[in-house]
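A.B. asks: Residues 1 to 293 in my numbering are what the sequence shown lists, from first letter to last.
C-beta atoms are modelled at their ideal positions from N, C-alpha and C, and glycine is treated no differently.
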Amino acid sequence: MDDDKRGCYDDDRVDHHARLLIVQTPTIRQVITAGRRLIQLNKHAHYGRCGLMVSGPARTGKTTALTQLGKTIEVIHRRRHSHAAADIPVIYITVPPAATPKMIAMEFARFFDLPISRRGNITDIADAVCGVSIDARVRLVAIDELHNLNISTRAGAEASDTLKYFSERIPATFCYAGISLERTGLLSGTRGEQIAGRFSMVRTGSFGQDKQWTALIAALEDSLRLHHHQSGTLIKLDRYLHQRTHGMIGSLLWLIRSAAINAVLDGTEKITKKALEVVDADITSQNPHPPTR
Numbered sequence: 001m002d003d004d005k006r007g008c009y010d011d012d013r014v015d016h017h018a019r020l021l022i023v024q025t026p027t028i029r030q031v032i033t034a035g036r037r038l039i040q041l042n043k044h045a046h047y048g049r050c051g052l053m054v055s056g057p058a059r060t061g062k063t064t065a066l067t068q069l070g071k072t073i074e075v076i077h078r079r080r081h082s083h084a085a086a087d088i089p090v091i092y093i094t095v096p097p098a099a100t101p102k103m104i105a106m107e108f109a110r111f112f113d114l115p116i117s118r119r120g121n122i123t124d125i126a127d128a129v130c131g132v133s134i135d136a137r138v139r140l141v142a143i144d145e146l147h148n149l150n151i152s153t154r155a156g157a158e159a160s161d162t163l164k165y166f167s168e169r170i171p172a173t174f175c176y177a178g179i180s181l182e183r184t185g186l187l188s189g190t191r192g193e194q195i196a197g198r199f200s201m202v203r204t205g206s207f208g209q210d211k212q213w214t215a216l217i218a219a220l221e222d223s224l225r226l227h228h229h230q231s232g233t234l235i236k237l238d239r240y241l242h243q244r245t246h247g248m249i250g251s252l253l254w255l256i257r258s259a260a261i262n263a264v265l266d267g268t269e270k271i272t273k274k275a276l277e278v279v280d281a282d283i284t285s286q287n288p289h290p291p292t293r
C-alpha cells in the first residue's frame, strides 16, 4: 500500500480495536433473557408492570448488558414490524447527578429531540414525552446510572416518583442499571418496598479465573486484526490478565483495546506480555482488593 492507503487502513483498524467485540457473557445473556421475558409479561398489563435492575460494582459490564438488551429488542421489533419505520421501540437515558423531577423529564425529552423550552412546565414535558412514547410504540425504557438518584433528599425522592409516574404512563418495560443499587437506599422505605415488589435484579460481578474467563479472552483475541499476532498468546496469559484486571470485564477491555491500538500505531502488530505491561490500567483494577459480587 502507498502511504495514504496504509494510513486509512490503519485508522480503520484503530477504530475497530477501539470498539472491539461485545462478547455475549453469561450476565449479558441473563439480562437479555430476563428483559425479553418481562416485555412479554407486561404486554397486556395496564398497571403494575414488572421491571428489571442490573446492579454491581463499577467496570463489571452493567451498561454493556443494558445496551445489548436494548439492541436486541430493537432488532426483534424491526424484524416483526419492518414497515413501521417511525417506531422507536427503545428509549435509553442516563440519570444526571443530583437529579430532580424536571431533569429526569428533560432527559426523556432530549432523547426524542422534542422542542421543549427549559422554562417549560414539568407536567407539559411529561405529557409530551408520554404521548410520543405511545405513538412510537416504545417497548423498553433503559435507564442507566441510577445510583445518581439520591432518594435521601427531597429532590431525589421526587425524581424517583417521576420515574414511577413515567412507568405507569408509558406502556413499556423499565430496566435500570447502576452501581450497587441495593446499597443506595433505593429499595428502602415505602417507595423502596413498592420498587422491590415490582422489579427483579441481575447482579454483575468480576469473573473468576475459570473456563468463562478463558473463553472471554479467546473471543476477544479472535476479534483482533493484527498482522503479526499469534493466536493463543492472550489465552496463555489468562492468569496475568486476571491479576491485572481482577476479573473485571471493563478493565479487561480497556487493557486489550489499548494494547491493540498501540500495536497498530507503533507497527509491532502483536500483543505480548511486555506490550500489556506498558498499558496503564484503570485505577479500580489497580486496587489490591477487587470488588466482590
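Taking only the alpha-carbon atoms, compute the straight-line gap between I116 and K43 and give it to the nearest angstrom.
C.D. replies: Position 116 of the sequence shown, counted from the first residue, corresponds to residue 116. Position 43 of the sequence shown, counted from the first residue, corresponds to residue 43. Near 30 Å, if we compare the C-alpha coordinates of K43 and I116.
A.B. asks: Taking the continuous beta strand (DSSP E) assigned at I325, which residues delimit it?
C.D. replies: Residue numbering for the chain in the displayed model covers 1 to 293; residue 325 lies beyond these limits and cannot be assessed.
A.B. asks: Which whole runs of the beta strand (DSSP E) in the segment 56-97 are 3 residues long or more, in chain order?
C.D. replies: Counting only runs of 3 or more, we get 90-94.
A.B. asks: Give the straight-line distance between the Cα atoms of T63 and G267, rounded to the nearest whole angstrom.
C.D. replies: One-based indexing of the sequence shown puts residue 63 at position 63. One-based indexing of the sequence shown puts residue 267 at position 267. Answer to the nearest angstrom: the Cα atoms are 33 Å apart.
A.B. asks: Using the beta-carbon count (16 or more within 10 Å), is Y47 buried or exposed?
C.D. replies: Against the sequence shown, residue 47 aligns to sequence position 47. Classification of Y47: exposed, given that the 10 Å Cβ count is below 16.
A.B. asks: Can you tell me where the beta strand (DSSP E) with I151 in it begins and where it stops?
C.D. replies: Numbered from its first residue, the sequence shown carries residue 151 at position 151. Note, I151: premise wrong, no beta strand (DSSP E); not H, not E.
A.B. asks: According to the Cβ coordinates, are S188 and H246 closer than 8 Å?
C.D. replies: Numbered from its first residue, the sequence shown carries residue 188 at position 188. Numbered from its first residue, the sequence shown carries residue 246 at position 246. Their beta carbons are not under 8 Å apart, which means S188 does not touch H246 by this criterion.
A.B. asks: Report the three-state DSSP secondary structure of S223 (helix, strand or coil).
C.D. replies: Translated into positions along the sequence shown, residue 223 becomes position 223. If DSSP states are grouped into helix, strand and coil, S223 belongs with coil.
A.B. asks: Assuming S200 is part of the beta strand (DSSP E), what are its boundary residues?
C.D. replies: Here the question's residue 200 lines up with position 200 in the sequence shown. Its beta strand (DSSP E) spans residues 199-203.
A.B. asks: Any chance the CB of P89 is under 7 Å from a heavy atom of the ligand ADP?
C.D. replies: This structure lacks the ligand ADP, and indeed carries no ligand of any kind.
A.B. asks: Using the C-alpha atoms, what's the distance from D3 back to A155?
C.D. replies: Numbered from 1 along the sequence shown, position 155 holds the residue referred to as residue 155. Numbered from 1 along the sequence shown, position 3 holds the residue referred to as residue 3. In a straight line, the C-alpha of A155 is about 57 Å away from that of D3.
A.B. asks: Please classify A263: does DSSP put it in a helix, a strand, or coil?
C.D. replies: As a working note, residue 263 is residue 263 in the sequence shown. In this structure, A263 counts as helix in the three-state DSSP scheme.
A.B. asks: Going by the DSSP bridge assignment, what does D144 pair with across the sheet?
C.D. replies: As a first step, residue 144 must be located in the sequence shown, where it is residue number 144. D144 pairs with T94.
A.B. asks: Would you report the Cα separation of D87 and P101, rounded to the nearest angstrom?
C.D. replies: Residue 87 sits at position 87 when you count from the first residue of the sequence shown. Residue 101 sits at position 101 when you count from the first residue of the sequence shown. Their Cα atoms are separated by approximately 26 Å.
A.B. asks: Should E221 go down as buried or exposed, given a rule of 16 or more other Cβ atoms within 10 Å for buried?
C.D. replies: Counting from 1 along the sequence shown, the entry for residue 221 is found at position 221. E221 is buried by the Cβ-count criterion.
A.B. asks: Give the secondary structure of L237 by DSSP, where H, G and I count as helix, E and B as strand, and everything else as coil.
C.D. replies: Indexing the sequence shown from 1 puts residue 237 at position 237. DSSP places L237 in coil when its eight states are reduced to three.
A.B. asks: At what residues does the alpha helix (DSSP H) containing T123 begin and finish?
C.D. replies: Along the sequence shown, one-based indexing puts residue 123 at 123. T123 -> alpha helix (DSSP H) spans 122-135.
A.B. asks: Could you tell me if P171 is buried or exposed, where buried requires 16 or more neighbouring beta carbons within 10 angstroms of its beta carbon?
C.D. replies: For this step, residue 171 is matched to residue 171 along the sequence shown. When all chains shown are included, P171 counts as buried.
A.B. asks: Just the C-alpha distance for A218 and R191, rounded to the nearest angstrom, thanks.
C.D. replies: Along the sequence shown, read from residue 1 onward, the residue named residue 218 stands at position 218. Along the sequence shown, read from residue 1 onward, the residue named residue 191 stands at position 191. If you take the alpha carbons of A218 and R191, they lie about 44 Å apart.
A.B. asks: With distances taken from CA atoms, which of I134, D135, A105, F111 is nearest N121?
C.D. replies: In the sequence shown, residue 121 corresponds to position 121, counting from 1. That would be A105, whose Cα lies nearest to the Cα of N121.
A.B. asks: Can the beta-carbon of A263 be found closer than 8 Å to that of K274?
C.D. replies: Locating residue 263 in the sequence shown gives position 263, where the first residue counts as 1. Locating residue 274 in the sequence shown gives position 274, where the first residue counts as 1. The answer is no: Cβ separation not under 8 Å.
A.B. asks: Among Q24, V129, R198, D10, which one has its Cα closest to the Cα of R49?
C.D. replies: Locating residue 49 in the sequence shown gives position 49, where the first residue counts as 1. Closest by alpha carbon: R198.
A.B. asks: Determine the closest residue to A177 out of D10, V278, I28, with distance taken between C-alpha atoms.
C.D. replies: The sequence position of residue 177 within the sequence shown is 177, counting from 1. It is I28.
A.B. asks: Less than 8 Å between the beta carbons of F112 and I93, yes or no?
C.D. replies: Counting from 1 along the sequence shown, the entry for residue 112 is found at position 112. Counting from 1 along the sequence shown, the entry for residue 93 is found at position 93. Not a contact, by the Cβ cut-off of 8 Å.
A.B. asks: Buried or exposed for I134, please, with buried defined as at least 16 other CB atoms from any protein chain shown within 10 angstroms of its CB.
C.D. replies: Working through the sequence shown from its first residue, we reach residue 134 at position 134. Exposed, by the Cβ-count rule.
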